[in-house]
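Inspection log for the structure reproduced underneath, given as structure tokens.
Numbering (UniProt numbering), first residue to last: 1 to 132.
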């Protein structure tokens, strides 16, 4: 997980994850959702009202996709979510996603400002030859 001293949009959070050769986290099972929730809120700094970015966003066709390109094969939306609540003429649609301390998800404006994000990097084993 990465915490920032400043509040950042989803795009800036993703850019910061990619500088670490990672993406905002994708989630594909209940166990993984529980793990990401623990990473996001288990440090005592994740107050229940704090927003935490994960890597789910709407694509150009209006469907949901993960920023790392993995399949959207699991969800844990909170009741009545996603609701695109801020989609008014004067506001941006809610096309990005935060995870609550309960592990439930909420759609959020991508230009919303958030202090935390969970970055996930694929594990790549070192080749044995490189160790010699």
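Virtual Cβ for every residue (Gly too), placed ideally from N, Cα, C. These figures come from a predicted structure and were not determined experimentally.
Sequence ranges, beta strand (DSSP E) only - wholly within the segment 45–106, length at least 3: 52–58, 64–66, 96–99
Alpha-carbon to alpha-carbon, residue 27 and residue 60: Numbered from 1 along the chain shown, position 60 holds the residue referred to as residue 60. Numbered from 1 along the chain shown, position 27 holds the residue referred to as residue 27. When rounded, the distance between both Cα atoms is 21 angstroms.
CA-to-CA distance, residue 77 to residue 106, given in whole angstroms: The count along the chain shown starts at 1 and reaches residue 106 at position 106. The count along the chain shown starts at 1 and reaches residue 77 at position 77. Each residue's Cα considered, the two are about 6 angstroms apart.
Residue 21 (DSSP reduced to helix, strand or coil): On the chain shown, position 21 is the one that residue 21 refers to. It is coil, neither helix nor strand.
Backbone CA spacing between residue 123 and residue 57 [nearest angstrom]: Here residue 123 refers to the residue found at position 123 when the chain shown is read from its first residue. Here residue 57 refers to the residue found at position 57 when the chain shown is read from its first residue. Answer to the nearest angstrom: the Cα atoms are 23 angstroms apart.
Identity of the residue in 71, 109, 52 nearest residue 85 by Cα: Within the chain shown, numbered from 1, the residue matching residue 85 stands at position 85. It is 109 whose Cα lies nearest to the Cα of residue 85.
Distance CB(residue 9)-CB(residue 95) smaller than 7 angstroms: Translated into positions along the chain shown, residue 9 becomes position 9. Translated into positions along the chain shown, residue 95 becomes position 95. No, these two residues do not count as a Cβ contact at 7 angstroms.
Own chain partners of residue 70 with C-beta closer than 6 angstroms, once the 5 adjacent residues on each side are dropped: Position 70 of the chain shown, counting from 1, holds the residue named residue 70. So the qualifying residues of the chain are 26.
Continuous alpha helix (DSSP H) stretch holding residue 30: start and end: If you number the chain shown from 1, residue 30 lands on position 30. Unbroken alpha helix (DSSP H) run through residue 30: 30–41.
Three-state secondary structure (DSSP) of residue 12: Here the question's residue 12 lines up with position 12 in the chain shown. Looking at residue 12 - three-state DSSP - the assignment turns out to be helix.
For residue 101, the nearest candidate out of 15, 24, 42, 20 (CA to CA): Taking the first residue of the chain shown as 1, we reach residue 101 at position 101. Ranking 15, 24, 42, 20 by Cα distance to residue 101 puts 42 first.
In DSSP terms, what residue 118 is bridged to: Numbered from its first residue, the chain shown carries residue 118 at position 118. Beta-bridge pairing links residue 118 to no other residue.
Residue from 7, 113, 103, 120 with nearest C-alpha to residue 38: Taking the chain shown and counting its residues from 1, one reaches residue 38 at position 38. The option with the nearest alpha carbon to residue 38 is 103.
Residue(s) in a DSSP beta bridge with residue 108: For the purposes of this step, residue 108 is identified with residue 108 of the chain shown, where counting begins at 1. Beta-bridge pairing links residue 108 to 96.
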